[in-house]
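Participant: First, the structure itself, so that you have it in front of you.
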Amino acid sequence: MTEHDRHVVVGMQRVHDTVVLVVEGVLDSLTYRGLRDAVIKAALEEPRAVIVDVNRLSVPSASAWSVFTSARWHVSTWPDVPILLACADQQTRRVITSVGVARYVPAHPTRESAIGAVADVSLHGRRRSRAQLPPTAVSVRVARSLIQAWLTAWARSDLAAVAATVATVLVENVLAHTDSAPVLVLENYRDTVTVAVEDNSHRPAVRHEVAGCGAEMLSGLSIVAALCRAWGSTPTSSGKTVWALLGPECGLGRRE
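The following block contains the structure:
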């Protein structure tokens, strides 16, 4: 097998509300990013958990197992979906543990035992809306209107103003820096609201700061960072998702 022939094939199965990814091939520097992004993409669909069956995966270098730690890190704040491994070989599980991966991504001997380990993880009460927006300036107005309507329906109007402001920044960034048609995602889980915008650019969203410039030079992501509890840029197989997590402290009754 030449370097150019190396690839990892990822198959997906659903077991109730859990996603099982069956991976086969060689995990190395050439296939690392593709596998990471496939795991992240599965997690962003918000199943109860993502279980990765690695029994057919060849990993020549033990350090490459960190691909699963990296995927888990990217989704740890949002959508916070557990990632687990199914690995029948005891020695391989020991290697996974020895390089520190199992601390964040537990390795189980079977799919069934991995599924059993997440049986008590509950995502009930999570509400989610999604809309494809046009690749034009009208997207900003459409996004703000949708957010107002969705949050009103969910009795979370207290976060509508700040959520609309965050969406404005994220959609404008997509229009300004990519050739994508933005996809708006809004989620309400417990007392938090997440605003997310997907695009087809693999360049991560980065907060830019210009020393010596006044408030008039404040970047959009600096505004997002000031308004929300947490934000991030998560890579996907088709581009990235930029998201911002809002809590009750971010709404109309926030303390100054």
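Numbering follows full-length UniProt numbering, in which position 35 of the sequence shown is assigned residue number 35; successive positions increment by one, without gaps.
For glycine and all other residues, C-beta sits at the position ideal for the given N, C-alpha and C.
Because the structure is a prediction, the values reported are computed rather than measured.
Please list the segments of the alpha helix (DSSP H) lying wholly inside the segment 157-245, counting only runs of 4 or more residues, in order along the chain.
Facilitator: Here the runs fully enclosed are 160-177 and 220-227.
Participant: Which ranges does the beta strand (DSSP E) cover as unbroken runs of at least 3 residues, wholly within the segment 79-103, from first to last along the chain?
Facilitator: Complete beta strand (DSSP E) runs here, min 3: 83-86.
Participant: Excluding sequence positions up to five away, which residues of its chain have a Cβ less than 8 Å from the Cβ of residue 9?
Facilitator: These residues qualify, in order along the chain: 23, 24 and 25.
Participant: Using only the alpha-carbon positions, how far apart do residue 246 and residue 91 sit?
Facilitator: Whole-angstrom Cα-Cα distance: 43 Å.
Participant: Going by alpha carbons, who is nearest to residue 250 out of 237, 223 and 236?
Facilitator: Cα-wise, what sits closest to residue 250 is 223.
Participant: Specify whether the segment 177-191 and the segment 224-233 touch according to this definition: at least 3 beta carbon pairs, one from each stretch, less than 8 Å apart.
Facilitator: Cβ pair count under 8 Å is below three, so no.
Participant: In angstroms with no decimal places, state the Cα-to-Cα distance between residue 177 and residue 30.
Facilitator: Looking at the two C-alpha atoms, the distance is approximately 27 Å.
Participant: State the start and end residues of the unbroken alpha helix (DSSP H) segment that holds residue 24.
Facilitator: Unbroken run through residue 24 is the beta strand (DSSP E), 18-26; no alpha helix (DSSP H).
Participant: Using CA coordinates, which residue listed in 203, 112, 28 and 149 is at the minimum distance from residue 20?
Facilitator: It is 112 whose Cα lies nearest to the Cα of residue 20.
Participant: Looking only at its chain, what residues have a beta carbon closer than 7 Å to the beta carbon of residue 238, apart from the 5 residues adjacent to it on each side?
Facilitator: Taken in chain order, the residues that qualify are 200.
Participant: Please classify residue 166 as buried or exposed, where buried requires at least 16 neighbouring CB atoms within 10 angstroms.
Facilitator: So residue 166 ends up on the buried side.
Participant: For the candidate residues 183, 96 and 109, whose alpha-carbon lies nearest to that of residue 136?
Facilitator: Residue 136 has its Cα closest to that of 183, out of 183, 96 and 109.
Participant: Under a three-way DSSP split, which group does residue 131 fall into?
Facilitator: Reduced to three states, the DSSP call for residue 131 is strand.
Participant: Using alpha carbons as the reference points, say which of 138, 151 and 47 lies closest to residue 115.
Facilitator: The candidate whose alpha carbon is nearest that of residue 115 is 47.
Participant: Looking at the structure shown, is residue 137 part of a helix, part of a strand, or coil, going by DSSP?
Facilitator: Here residue 137 sits in coil by DSSP.
Participant: Assuming residue 143 and residue 173 form a contact by the criterion Cβ under 8 Å, report the distance between their Cβ atoms to the nearest whole angstrom.
Facilitator: Rounded, the Cβ-Cβ distance is 12 Å, inconsistent with contact.
Participant: Have a look at residue 16 and residue 50 and give me their C-alpha separation to the nearest angstrom.
Facilitator: When rounded, the distance between both Cα atoms is 12 Å.
Participant: Around the Cβ of residue 215, are there at least 16 other Cβ atoms within 10 angstroms (buried) or fewer (exposed)?
Facilitator: For residue 215, the pLDDT reaches just 45, beneath the cut-off of 50, and the residue's location in the model is therefore unreliable, leaving the point undetermined.
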